[in-house]
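> Let me give you the structure first, and then I'll get to my questions.
Number of protein chains: 2
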Amino acid sequence: MSKAAARLRAVAVECFAAKGYGATSTRDIAARLALSPGAVYPHYKTKESLLFAISFEGHTSALAAVQQADRLADGPTDRLTSTMAAYVKWHADNRDLARVVQYELRSLSPEHFETITVLRRSTSHVFKRIIDDGNTSGEFDIIDVEAAMVAIPALAVDVSRWFPSQAFSDADVLAQRYVELALRMVGSRSP
Amino acid sequence: MSKAAARLRAVAVECFAAKGYGATSTRDIAARLALSPGAVYPHYKTKESLLFAISFEGHTSALAAVQQADRLADGPTDRLTSTMAAYVKWHADNRDLARVVQYELRSLSPEHFETITVLRRSTSHVFKRIIDDGNTSGEFDIIDVEAAMVAIPALAVDVSRWFPSQAFSDADVLAQRYVELALRMVGSRSP
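Now the structure itself:
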């Protein structure tokens with residue numbers, strides 16, 4: 002992708018995060034870069050295609066962060082520790098992007114939504130695999146696998162809604178606390 | 002408030018939840034009720050005042066649900082059980098309303114935002130009091146009070162982002178599972 006397209010996406014993320022996708026026009030985005038209203042068109046034919054490009058980039062980046070953190074040679078507790086920390090930090094460090102890609106999904110076309118769903122499922126699958134492994138090996142004492150699979154990543158996603166706050170402004174500190182909570186949720190027996 | 006105003010708010014919640022606040026006009030809302038574009042004005046002078054009325058009603062209702070569930074004569078474990086269940090169910094049962102009041106806060110005027118913040122703090126305070134009580138009495142074994150105070154209500158708020166899903170379509174079942182996770186997060190020693 003061109004530098005011009007990357008700049009458009011970056012400004013679009015700021016606008017969508019601040020005002021919402023629906024309240025932002027491609028004209029607003031062009032104006033922020035001192036471009037003519039038609040300057041977005043060669044790169045993104047529609048506002049929705051811009052949202053899709055942002056969503057694809059964002060969810061791919063979040064998935065990569067989680068996959069890289071999941072070192073398969075480690076035990077389930079270490080793997081949940083590193084993946085949860087990575088996912089929380091991704092949502093704190095990329096708050097605007099995270100907000101757009103997690104909360105503006107309804108504005109994607111059905112085909113684009115489907116593509117993004119595949120990426121989101123892959124991210125969930127990383128957590129599912131760790132939770133299943135911990136459950137099978139007995140290292141975790143899980144009450145309900147489905148609930149843990151939903152709640153643990155959800156806690157990280159929610160960070161983009163409010164981070165930073167008075168209590169938490171350091172992403173590393175927050176990640177450490179949320180890891181502790183995630184390990185409790187799965188009943189990790191590892192010290 | 003009049004029946005006409007209540008109908009406007011109900012339709013506005015549907016529109017804001019489906020398309021987002023920014024992408025909805027008061028004209029859209031009037032059209033859904035087969036009213037003239039000017040019909041909203043006698044009730045709500047601006048779209049923002051409509052959002053504020055909805056936010057005030059929604060956050061007041063969520064706060065009431067949590068306060069009513071917090072029976073002060075009970076122990077901290079029972080109180081966290083009933084308040085978390087009530088908060089999860091509120092977000093599942095009022096999903097569209099919850100989505101609007103939790104995710105469209107940025108569109109409120111600064112004064113209205115301040116008013117809503119007071120209500121939101123009161124809700125957080127219910128959880129804070131229970132967590133503090135459980136910590137003080139030793140019934141809870143909390144690692145970090147601030148983290149628990151953020152994470153537990155956040156898990157309930159997040160429900161409005163995705164409920165229902167393939168795994169969870171019954172609000173009571175979800176509430177029960179999330180209560181179990183919340184009790185683990187605080188390290189409840191009660192059986």
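Protein chains in written order, with the numbering used here: chain A, 2 to 192; chain B, 2 to 192.
Idealized CB from N, CA, C, for every residue including glycine.
(1) Among B:E115, B:A31 and B:D145, which one has its Cα closest to the Cα of B:K129?
(2) DSSP three-state label for A:D79, please.
(3) For the putative contact between A:V174 and A:H92, defined by C-beta atoms under 8 Å, what is the C-beta separation to the nearest angstrom?
(4) Go through the region 133-170 of chain A residue by residue and report every complete run of the alpha helix (DSSP H) that reaches 4 residues or more, in order.
(5) Go through its chain and collect everything with a Cβ distance to A:P1's Cβ below 8 Å, but skip five positions before and after it.
(6) Return yes when the Cβ of B:A172 is within less than 7 Å of the Cβ of A:R178, no when it is not.
(7) Roughly how many whole angstroms lie between the Cα atoms of B:T61 and A:E140?
(8) Quick one: which chain B residues come within Cβ less than 9 Å of A:I144?
(9) What residues of chain A sit near B:F53, judged by a beta carbon separation below 7 Å?
(10) B:G23 and A:A24 - do their beta-carbons sit closer together than 7 Å?
(11) With 16 as the cutoff for other CB atoms within 10 Å, does B:Y104 come out buried or exposed?
(12) Here's a check: name, in chain order, each residue in its chain whose Cβ is nearer than 6 Å to the Cβ of B:A40, leaving out the five neighbours to either side.
(13) For B:G135 and chain A, any beta-carbon pair shorter than 7 Å?
(14) With a threshold of 8 Å on Cβ separation, who are the neighbours of B:C16 within its own chain once the five nearest residues in sequence on each side are excluded?
(15) Have a look at A:S110, A:S170, A:A35 and A:I143 and flag the residue whose alpha-carbon is nearest the alpha-carbon of A:V187.
(16) Give a yes or no on whether the minimum CB-CB distance between A:A168 and chain B is below 7 Å.
(17) Please confirm whether B:V101 and B:V14 have their CB atoms less than 7 Å apart.
So, from the data block:
(1) B:D145
(2) helix
(3) About 14 Å separates the two Cβ atoms, so there is no contact after all.
(4) 146-163
(5) Chain A is shown only over 2 to 192; residue 1 of chain A falls outside these bounds and no answer can be derived.
(6) no
(7) 43 Å
(8) R178, E181, L182 and R185
(9) In chain order: nothing, as chain A lies at least about 16 Å away.
(10) yes
(11) buried
(12) A31
(13) no
(14) T25, D29, I30 and R33
(15) A:I143
(16) yes
(17) yes
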